[in-house]
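J.: My questions all concern the structure below.
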Amino acid sequence: MKRILIRSGKSPYDVVTVEEALHRDVIATNSGNLIFSDAAHKILETPDTEVVSNGMPSDVSAAARINEEYDAFVVPLANAFRPSFESALKRMTRLISKLRIPVVVLGVGAQTGVSYNPERLKRMEPTVREFCAAVLERSASIGVRGEFTEQYLRDMGFTDVEVIGCPSLFMHGDRLPVHKTAPELTSESRIAINGSHSAVRAQGLDRIISRTHERYPNLRFVGQNLSDARQLHWRDLSDPNAAVTSIPTHPDHPMYREDKVRVYVDPITWIDELRSFDFSFGSRIHGNIAALLAGTPATVLCGDSRTLELCRYFEIPHRRLDQAAKDPDSADPAKLYAEADFGGLVGGHRERFERFTGFLDKNGLDNTFTHGDGGAAFEERMSALAFPAGVRPWNDTDVTSLTSRFGWLHSRIDELSLDNARLEKELARAGARSKTVAAAPTSTSVYRRARRAVGKPLRRALGSGQ
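First residue of the sequence shown? That's 465 in the numbering used here, and the numbers climb one at a time after it.
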């Protein structure tokens, strides 16, 4: 049996409560990560291959164990070549440099503006070079999202670069049945809209959201950030993003009060719920890919190179966000729906899928569609699991809602109490401590800080905390 270690926040089969998912951050700050990691997990799982999630750490001390226990390390990535991810990329490079097994990167992307100007990435070029060199010492080629990232790496001198898109759109193999079920959208149509904080704050998406909310009563906003989910579930406003009151995940937004907002911590519930919608649009690439995987038409409002190059490669209907924001009427869902042509997306999907599986073959990886059951066992196992529903706004005052949250907080305090007692016993047995240990925070102070941290969401939810 071949064993593959995959970089992902959690296994698709792991069912965790909303509270635990937010506490552990299993979405790695953005639930879109789970869409492409779950797809990669399904694709790579065959009768002869076990796929194991690493939970996202890049601890170099784990290298020896990984070399011993696994036959390959697969790294699905999104916009990893961006300044804010540089420190994480360096950690990943340190780990990869210690591995003796193959390392395969699926769909990495560079992020800049829609003009494709790489100037903002110049400073981190040495980091990108080291990462790609380490990967290519352990694989035949590196898979990138699209045209911009391909040229970006080729300009650095890397030739073993292949455009493969993102594994998320290959979740169903060579099938991608997206079609319009209604001749046109009306005010009663069910519409999903998505967007990031930066798109709302700096790129004018807030005007499009506001206009759409006024005209389409069955509108739903789907957030993706960890801070979005915490605002919905705990009314936690501690994150700097909480200052963006014009995003529907904020408690002051009318869509929040109307229960028209969701965040999903599992792709399966996200995709399933979007099956009942007529259309999806917005600046989130994986928010709209979730709709396409559900068979629901979608249009992406591209605000950067990572979304634009992926839309161009897969021929996903798209508009530039900066242009749409200048004229919100041009981004009316009915207009976008009427203009959307899915012929290229659907018609070219098989060829792109074959290019993707060819990349896997070249790098020594089997896939379930060629070497297995087409994902049937994966789907059967997933269908037997009960995943939590999407995170929704906490507008409730009923006992059940309060009991659920209080129960989880109480269990966390109990766990901290037990950990504190254990640490104090260990310290007592250890006897005299060194100056270094004496200068460090005591277990009691650590416990007290942890208890205060656990209490913050509840205090904010009840309106008594700062």
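Just so it is clear, CB atoms sit at the ideal spot from N, CA and C, and this is done for glycine as well.
#1: Which two residues bound the contiguous alpha helix (DSSP H) that contains Gly808?
#2: For Trp872, which of Gly473, Met465, Val482 has the nearest alpha-carbon?
#3: Between which residues of its own chain and Val479 is the CB-CB distance below 6 Å, once the five residues before and five after are set aside?
#4: Here's the rule: buried if 16 or more other CB atoms are within 10 angstroms of the residue's CB, otherwise exposed. What is Thr676?
#5: Just checking, does the stretch 735-743 make contact with the stretch 645-658 on the three C-beta pairs under 8 Å criterion?
#6: Once DSSP output is grouped into helix, strand and coil, what is the label at Lys466?
#7: Apart from the five residues on each side of it in sequence, which residues of its chain come closer than 7 Å, Cβ to Cβ, to Ala788?
#8: Tell me the DSSP secondary structure of Ile628 in three-state form.
#9: If you follow the beta strand (DSSP E) that Phe745 is part of, which residue opens it and which one closes it?
#10: Quick check on DSSP: helix, strand or coil for Phe622?
#11: To the nearest angstrom, report how far apart Glu601 and Val708 are at their CA atoms.
#12: Would DSSP call Ser674 helix, strand or coil?
#13: Would you mind working out which of Ser517, Thr513, Val490 sits nearest Gly828, comparing C-alpha positions?
#14: Take Ser440 and list the residues in its own chain whose beta-carbon comes closer than 6 Å to its own, dropping the five residues that flank it on each side.
#15: Helix or strand or just coil, what does DSSP make of Ile560?
#16: Residues in the same chain with beta-carbon distance under 7 Å from Phe634, minus the five sequence neighbours each way, listed in chain order, please.
#17: Is the CB-CB distance between Gly496 and Arg748 below 8 Å?
#18: Is there contact between the stretch 675-694 and the stretch 723-733, where contact requires at least three CB pairs shorter than 8 Å?
#19: Using the Cα positions of Lys790 and Gly751, report the straight-line distance between them to the nearest angstrom.
#20: Does Gly927 come out as helix, strand or coil in the three-state DSSP assignment?
#21: For Thr613, name the three-state secondary structure that DSSP assigns.
#22: Which stretch, first to last residue, makes up the beta strand (DSSP E) that contains Ile655?
#23: Taking its Cβ as the centre, do 16 or more other Cβ atoms sit within 10 Å of Gly807, making it buried, or is it exposed?
#24: With DSSP collapsed to three states, give me the class of His661.
#25: Quick check on the burial criterion: 16 or more other C-beta atoms within 10 angstroms. Buried or exposed for Gly571?
#26: Please go through the same chain and pick out, in chain order, the residues whose beta-carbon is closer than 6 Å to the beta-carbon of Pro476, but skip the five residues on each side of it.
#27: With a CB to CB cut of under 7 Å and the five nearest residues on each side skipped, what residues in its chain are close to Lys554?
#28: Check Val479 in the structure and name its three-state DSSP category.
#29: Using CA atoms only, rank isn't needed, just tell me which of Ser653, Ser605, Leu669, Asp692 is closest to Leu486.
#30: Going by DSSP in three states, Glu514 sits in which element: helix, strand or coil?
#31: How many angstroms separate the CA atom of Val729 from the CA atom of Asp489?
#32: Could you tell me how far apart the beta carbons of Ser436 and Tyr680 are, in whole angstroms, since I believe they sit closer than 8 Å?
#33: In or out: Leu844 buried (at least 16 other Cβ within 10 Å) or exposed?
#34: Using 10 angstroms around the beta-carbon of Thr623, count the other beta-carbons present and answer buried if the total reaches 16, otherwise exposed.
#35: How would you call Ser881, buried or exposed, if buried means at least 16 neighbouring beta carbons within 10 angstroms?
#36: Take Leu738 and list the residues in its own chain whose beta-carbon comes closer than 7 Å to its own, dropping the five residues that flank it on each side.
T.: Looking at the atomic coordinates:
#1: 807-811
#2: Val482
#3: Leu849, Phe851
#4: buried
#5: yes
#6: strand
#7: Ile672, Leu765, Ser794, Ala795
#8: coil
#9: 743-746
#10: coil
#11: 44 Å
#12: helix
#13: Thr513
#14: Residue 440 falls outside the range modelled here, since the chain spans only 465 to 930, and no answer is possible.
#15: helix
#16: Ala503, Ile507, Phe817, Phe820
#17: yes
#18: yes
#19: 23 Å
#20: The pLDDT assigned to Gly927 is 44, lower than 50, so where the model puts this residue is not dependable, and the model offers no usable value.
#21: helix
#22: 655-658
#23: exposed
#24: helix
#25: buried
#26: Asp502, His505
#27: Thr591
#28: coil
#29: Asp692
#30: strand
#31: 9 Å
#32: Residue 436 lies beyond the stretch modelled for the chain, which goes from 465 to 930, so this question has no answer here.
#33: Here the sequence assigns Glu to residue 844, which means Leu is not the residue at that position. With fewer than 16 Cβ atoms within 10 Å of its Cβ, Glu844 is classed as exposed.
#34: exposed
#35: exposed
#36: Ala656, Ser744, Ala754, Ala755, Ala758, Thr760
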